[in-house]
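Enquirer:
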Amino acid sequence: KEVETVKKWVDVAERLGAGHIRVFGGAVPKGATEDQAAGWVVEVLQRASEYAGSKGVILGLEDHGGITARAETILKIVRKVNSPWTGINLDTGNFKVDPYKEIEMCLPYTANVQMKSLIQDEAGKRIESDWERIVRMLAQTGYRGYLALEYEDKEPPETAVPRLIAKLRQLTAKYSAV
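Be aware that the sequence shown starts at 58, since it is given in the working numbering, and climbs by one per residue.
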């Protein structure tokens, strides 16, 4: 069922001319281990990535809690899938522990980046994200893809989004990251 769902969205992406879609690993089912759940995600992504590749669409496994809450597990999954059509959809605001280290670990496999203005510190508090640090890391690893702004803060988006886009443009120009 999950493979068929991914195939449906790959077809939509193909019709739209999109080269990437994000996919989620989901939660570890009750009674299962993380290793078992990771194995199921690998199985689905291996089958789905063959189809996605035939359509020219990359699957980006997002760090979105559950089985993908930690970079170590995401990397284990992506490496086992072992397909040029499966990578990481890196959401910079989703890691809960040592987020900059987790982001850095994912960079070699990153297919798309969703930049968030906030990141979680070690105490669990949402603080301003160090975009310069992230863009510098992206540039150092040779990332050449998109940086999508995913805005989830309190300031009205009508004022925040133009300001944040300008900041991203300034940083990418400085580091030639994209």
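All residues carry an ideal CB built from backbone N, CA and C; glycine is no exception.
Source: prediction; values computed, not measured.
#1: Please say whether Leu-116 and Val-80 have beta carbons closer to each other than 7 Å?
#2: Below 8 Å on the Cβ atoms is my guess for Thr-130 versus Glu-91; work out the distance and round it to an integer in Å.
#3: Quick one: grab the DSSP three-state call for Val-69.
#4: State the Cα-Cα distance for the pair Ala-105 and Lys-58, rounded to the nearest angstrom.
#5: Threshold first: 3 residues or longer. Then list the beta strand (DSSP E) segments lying entirely within the region 123 to 209, N to C.
#6: Is Gln-93 buried or exposed, if buried means 16 or more other CB atoms sit within 10 Å of its CB?
#7: Quick one: is Pro-214 buried, meaning 16 or more other Cβ sit within 10 Å of its Cβ, or exposed?
#8: Could you pull the start and end residues of the alpha helix (DSSP H) that Gly-96 belongs to?
#9: Go to Val-80, then tell me how far its beta strand (DSSP E) extends in each direction, as first and last residue.
#10: Within a Cβ cutoff of 6 Å, which residues of the same chain sit near Leu-147, ignoring the five residues on either side of it in sequence?
#11: What is the residue span of the beta strand (DSSP E) that Glu-119 lies within?
#12: Tell me the DSSP secondary structure of Ala-223 in three-state form.
#13: Tell me, to the nearest whole angstrom, how far the beta carbon of Gly-150 is from that of Ile-184; I am working on the premise that it is less than 8 Å.
#14: Whose CA, out of Arg-201, Ser-111 and Pro-219, lies closest to the CA of Tyr-208?
#15: Taking the straight line between their C-alpha atoms, what separation do you get for Asp-155 and Asp-120?
Expert: Looking at the atomic coordinates:
#1: yes
#2: 7 Å
#3: helix
#4: Spanning the two alpha carbons is a distance of roughly 11 Å.
#5: Scanning the region 123 to 209 from its first residue to its last, the whole beta strand (DSSP E) runs of 3-plus residues come out as 143 to 148, 167 to 172, 175 to 177, 183 to 185 and 204 to 206.
#6: Gln-93 comes out exposed.
#7: exposed
#8: 91 to 112
#9: 77 to 80
#10: Its chain contains Cys-163, Thr-167 and Val-170 as the residues whose beta carbon lies nearer than 6 Å to that of Leu-147, once the 5 sequence neighbours on both sides are disregarded; these appear in chain order.
#11: 115 to 119
#12: helix
#13: Not quite, the Cβ-Cβ distance comes to about 11 Å (not below 8 Å), so this is no contact.
#14: Pro-219
#15: 14 Å
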